[in-house]
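All residue numbers for the sequence shown refer to this note's numbering, where the first residue is 1 and numbers rise by one. Note that CB positions come from ideal geometry on N, CA and C, so glycine has one too. Have a look at the structure below before the remarks.
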Amino acid sequence: MKNKLIIGVLFGGRSGEHEVSLVSATSVIEKLNKEKYEVVLIGISKEGHIIYGENAMKRLKDGEQILESEVMISCDPTDSGLIDLKNSKKIKIDCYFPVLHGTYGEDGTMQGLLDLSGVAYVGAGVIGSSCGMDKVIMKKLFREAGSKIVKDLYSTKREIDLDKQAFVSNVEKEIGYPNFIKPANMGSSVGINKAHNKEELDKFIDEALKYDNKILVEKGVEKPREIECAVLGNEDPKASVLGEIFPSEEFYSYEAKYVSESKTEAPARLPENIAEEIKKQAINAFKAVDCKGMARVDFLVNQDLSEIYINEINTIPGFTSISMYPKLWEKSGLNYSELLDKLIELAMERNKEKKELKTSFEEAGEWHKK
């Protein structure tokens, strides 16, 4: 058998979704085909220190205090890989698999570092990751692409500090109640709350600002059906069957996702024409933010199915045992391990294409020396 590909699974990170990342990555590590891949565990502490090795996951889950990085990711594309800082050696990596939910992992920062290294990595690049992470920018791109979005307003911490009541009044005038207050850059419903009155709005604005310096307030849709679609591919992405979320709480909060275990159903019970329209819009959204590899696209559909609103895109969707992304592909005929194979294949394909691009303008001649 040919040499195994060396896959570096990145997990943890400096994010409010650190713990979710550990659970997702545990499933990915377990399901990677060990006959095809040599798996290297690369953990990032909440402080940003990087560790690696078979016990990296356990150390982060145990809450071990990690005082310094043990490895670094080389930025030199001619000599890429992990640099072992303690033993002065290089650990080869053929492809990175970031399972880093949230900031400093899903927002383009890690993707920029991996681009500098010249090594293949799973998922969206810098632009797709950053635009898919920032809900304000994301929704502007969706609107530009013709998608329907619920009415929203956004503001920054500085603007709110200067005149919070002006923003609250504007929300009451333009959005009304109920509304949802969200950090612009965060996932897994961290920092998201539903406000029914001014007192709650005032409190939840402060809560959202704990996680980001920019927040978004969206108009609530009355008793929406929450529909999700998984997308897979690079230039010719495909959509999975659809899934529906039945939240155990008033909305699909962090607790409803990971604590009280909301119910899900796949395929979702929708008329074929509505399902096909949602799939079409999911692929449109994927392309709108220049996504690559994978994404989960979430929708809100009103009860009579007359309105379809795109809610958001997740460029590193959950990979836990209860996560919809792998579940939807399994229902579409691609099991978890096969899905990981395909994601790695797409990463290697995209990296090969990037390496074929010219990075110097040879036709410029000698003019710059004159």
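Sequence-distant residues of its chain with Cβ nearer than 7 Å to residue i (five each side left out)
{"i": "GLU277", "result": "ILE308"}
{"i": "TYR211", "result": "GLY16, PRO183, MET186, VAL190 and GLY191"}
{"i": "ILE175", "result": "LYS151, LEU153, VAL217 and LYS219"}
{"i": "LEU85", "result": "SER69, GLU70, VAL71 and MET72"}
{"i": "TYR252", "result": "Unreliable placement is indicated for TYR252, whose pLDDT of 46 sits below 50; the coordinate value is still reported in the next sentence. These residues qualify, in order along the chain: SER189, GLU226, ILE245 and SER262."}
Cut-off 8 Å between Cβ atoms - residues of its own chain near residue i, not counting five sequence neighbours on either side
{"i": "SER74", "result": "SER80, GLY81, LEU82, ILE83, LYS90 and SER117"}
{"i": "ALA288", "result": "LEU141, PHE142, GLU144, ALA145 and SER147"}
Selected residue, minimal CA-CA separation from residue i, among the options
{"i": "ASP298", "options": "ILE283, THR78 and LYS292", "result": "ILE283"}
{"i": "GLN281", "options": "VAL39, LEU300 and LEU67", "result": "LEU300"}
{"i": "SER24", "options": "GLU35, ASN33 and GLY12", "result": "GLY12"}
{"i": "THR78", "options": "HIS49, ILE66 and LYS92", "result": "LYS92"}
{"i": "ILE50", "options": "GLN65, GLU38 and LYS182", "result": "GLN65"}
{"i": "LYS46", "options": "ARG269, ALA208, SER169 and VAL20", "result": "VAL20"}
{"i": "ASP341", "options": "MET294, THR320 and GLU312", "result": "MET294"}
{"i": "PRO224", "options": "TYR104, ASN213, GLU30 and PRO178", "result": "PRO178"}
{"i": "GLY48", "options": "LYS358, LEU60, LEU232 and TYR336", "result": "LEU60"}
{"i": "VAL168", "options": "LEU343, LYS140, PHE204 and LYS34", "result": "PHE204"}
{"i": "LEU100", "options": "LYS36, ARG14 and LYS194", "result": "ARG14"}
{"i": "SER240", "options": "LEU339, ALA288 and LEU32", "result": "LEU339"}
{"i": "SER27", "options": "ILE322, ALA266 and GLU345", "result": "ILE322"}
{"i": "ASN33", "options": "ILE344, LYS358 and ASN351", "result": "ILE344"}
{"i": "LEU141", "options": "LYS31, TYR336, ASP62 and PHE286", "result": "PHE286"}
{"i": "LYS164", "options": "GLU244, GLY105, LEU209 and LYS194", "result": "LEU209"}
{"i": "ASP161", "options": "GLU38, ASN273 and ILE215", "result": "ILE215"}
Own chain residues within Cβ distance below 6 Å of residue i, not counting five before or after
{"i": "ALA275", "result": "LEU242"}
{"i": "TYR325", "result": "ALA230, ARG296 and PRO317"}
{"i": "LEU377", "result": "An answer regarding residue 377 cannot be provided, because it is not within the stretch 1 to 370 covered by the chain."}
Burial state of residue i (16 or more Cβ within 10 Å)
{"i": "HIS18", "result": "buried"}
{"i": "GLU417", "result": "Past the boundaries of the shown model lies residue 417; the chain is included only from 1 to 370, so the question cannot be answered."}
{"i": "ASP76", "result": "exposed"}
{"i": "ALA166", "result": "exposed"}
{"i": "PHE246", "result": "exposed"}
{"i": "ASP134", "result": "buried"}
{"i": "ARG269", "result": "exposed"}
{"i": "THR103", "result": "buried"}
{"i": "THR320", "result": "buried"}
{"i": "PHE361", "result": "exposed"}
{"i": "GLU327", "result": "The question names Glu, but residue 327 in the sequence shown is Lys. Buried, by the Cβ-count rule."}
{"i": "LYS257", "result": "Bear in mind that the predicted position of LYS257 carries a pLDDT of just 49, short of 50, making it unreliable; the figure below should be weighed with that in mind. LYS257 comes out buried."}
{"i": "PRO237", "result": "buried"}
{"i": "ASN311", "result": "buried"}
{"i": "GLU228", "result": "buried"}
{"i": "LYS139", "result": "buried"}
{"i": "GLY63", "result": "exposed"}
CB contact below 8 Å: residue i versus chain C
{"i": "GLU356", "result": "Of the chains in the structure shown, none is chain C; there is only one protein chain."}
Distance cut-off 7 Å: residue i Cβ against heavy atoms of the ligand COA
{"i": "SER360", "result": "Questions concerning the ligand COA fall outside what the structure shown contains, since it holds no ligand whatsoever."}
Does the contact criterion of 3 or more C-beta pairs under 8 Å hold for the segment 310-322 versus the segment 119-136? At 8 Å Cβ cutoff, the stretches touch.
With contact counted as at least three CB pairs below 8 Å, one residue from each stretch, are the segment 155-162 and the segment 41-53 in contact? By the Cβ test, the segment 155-162 is not in contact with the segment 41-53, since fewer than three Cβ pairs between them sit closer than 8 Å.
Touch check for the segment 320-339 and the segment 126-146: three-plus C-beta pairs under 8 Å? Contact between the segment 320-339 and the segment 126-146 is absent, because fewer than three Cβ pairs lie under 8 Å.
Do the segment 104-115 and the segment 130-138 meet, that is, are 3 or more Cβ pairs less than 8 Å apart? Verdict: yes, contact present.
3-residue-minimum beta strand (DSSP E) runs that sit fully inside the segment 220-252, ordered along the chain: Considered as a whole, the segment 220-252 harbours 225-233 and 238-246 as its complete beta strand (DSSP E) runs of no fewer than 3 residues, in chain order.
Extract the residue ranges of the beta strand (DSSP E) inside the segment 20-93, only unbroken runs of 3 or more that lie entirely within it. With a minimum length of 3 residues, the continuous beta strand (DSSP E) runs that stay inside the segment 20-93 are 37-44, 50-52, 71-73, 82-84 and 89-91.
My parser needs the beta strand (DSSP E) runs of 3 or more residues fully inside the segment 82-146; what are they? Within the segment 82-146, the runs of beta strand (DSSP E) at least 3 residues long that lie entirely inside it are, in chain order, 82-84, 89-91 and 95-99.
Output the residue ranges of the beta strand (DSSP E) runs that lie fully inside the segment 290-359 and measure 3 residues or longer, sorted by chain position. Listed in chain order, they are 293-301 and 308-314.
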